[in-house]
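Position 106, counted from 1, in the sequence shown is what this note's numbering calls 294; the numbers after and before it change by one each time, with no gaps. Don't be surprised by glycine CBs; every beta carbon is placed ideally from N, CA and C. These figures come from a predicted structure and were not determined experimentally. Data first, discussion second: the structure below is written as structure tokens.
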Amino acid sequence: MKVCCFDLDGTLLPMDTESFIREYINALSLYMGDIFPSDQLLPLIWDATKTMIENQDETLTNEQVFQQRFLSLSGMKKEEIWPHFDKFYREQFPTLKKYIQPSPISRQIIQAALDRGYRVAVATNPVFPRMAILERMRWAQVEDLVEWVSVYEESYLCKPNPGYFLEVAQKMEVSPEDCVMIGNDVQEDLVAGTVGMKTYLVTDCLIDRGNPVYKPDQSGSLEQLYKDIQEGNGMFLHS
């Protein structure tokens with residue numbers, strides 16, 4: 189195994205994901221209120237996000253899919269609306285840090301993986317712009333340790349599409365069998381096992397929708413993950 193692929197939200201960045209998304213949407217609605225009433229904006233965002241997640245066309249980035257869907261439904265031009273989105277992510281998104289519970293152990297985990305010779309990628313679901321993902325990496329205190337991160341400007345598929353994990357391996361220039369996917373979401377992260385990746389389920393902020401059912405190769409809390417990497421337990425034995 190050569191590459192540790194870490195999920196971000198609920199894994200390296202402990203949080204109640206549903207609660208955070210709710211606060212994020214509320215902040216975005218307030219910020220965009222003069223341009224779009226929330227009862228119009230939110231359905232557009234959810235529809236465009238759903239279209240992006242379900243997209244199978246690997247000739248379009250997630251950003252292009254989201255923008256095309258949003259603009260076609262809203263009837264607006266990109267230059268009319270997108271500068272406002274960009275400004276929100278620059279100025280308002282960082283204030284959402286108060287709704288998460290960062291832990292210093294996340295940085296220790298990444299450092300332990302690097303010390304054992306692993307390369308590190310953040311394989312977060314690329315449904316956010318780069319600015320928002322890098323900001324959350326700063327909250328987790330890992331932004332300077334990671335070789336590569338999936339962002340919606342450069343990714344073509346989303347979790348739980350198995351092809352997303354093939355894309356991660358391709359970006360890291362390794363085979364899926366050389367990777368372990370470490371995440372807290374049974375359905376969105378453990379599906380990586382279907383393309384040959386090892387999987388490690390982090391249980392602190394566990395998400396399990398019940399179906400489909402995937403079994404991790406290993407599981408444990410962030411504390412246990414740190415110990416397993418540091419001591420070379422289980423799949424980390426032979427690095």
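Going by beta carbon distance, what residues of the same chain come within less than 7 Å of Leu394, once the five residues before and after it are set aside?
Listed in chain order, the non-local C-beta contacts of Leu394 below 7 Å within the same chain comprise Asn372, local neighbours out to five positions each way being set aside.
Please say whether Lys285 and Trp327 have beta carbons closer to each other than 7 Å?
In this structure, Trp327 lies near Lys285, with their beta-carbon atoms less than 7 Å apart.
My output table needs one value for Val310: the three-state DSSP class, helix, strand or coil.
The DSSP-derived three-state label of Val310 is strand.
Rounded Cβ spacing between Lys347 and Asn313 (contact assumed at less than 8 Å):
Lys347 to Asn313, Cβ: 4 Å. Contact.
Leaving aside the five residues before and after Ser343 along the sequence, list all residues of the same chain whose C-beta is less than 7 Å from its C-beta, in chain order.
Cβ within range, chain order: Thr249, Asn250, Pro314, Glu355.
How should Val308 be labelled, buried or exposed, when 16 other C-beta atoms within 10 angstroms of its C-beta is the threshold for buried?
For Val308, the number of other beta carbons within 10 angstroms of its own is at least 16, and it is reported as buried.
Taking 7 Å as the cut-off, decide whether the C-beta atoms of Pro404 and Leu378 are in contact.
Against a cut-off of 7 Å, the Cβ pair of Leu378 and Pro404 comes out as a contact.
Pairs of beta-carbons, one from the stretch 255-267 and one from the stretch 221-236, closer than 8 Å: are there three or more?
Because the criterion of three Cβ pairs below 8 Å is met, the stretch 255-267 and the stretch 221-236 touch.
How about Tyr306 and Cys193: do their beta carbons lie closer than 7 Å?
Result no, Cβ atoms of Tyr306 and Cys193 do not sit closer than 7 Å.
Alpha carbon of Gln289 to alpha carbon of Asp332, nearest angstrom:
Near 20 Å, if we compare the C-alpha coordinates of Asp332 and Gln289.
Quick check: Ser409 and Thr391, are their CB atoms within less than 7 Å of each other?
At a Cβ-Cβ threshold of 7 Å, Ser409 and Thr391 count as neighbours.
DSSP state of Leu389 mapped onto helix, strand, coil:
Of the three classes helix, strand and coil, the one that applies to Leu389 here is strand, per DSSP.
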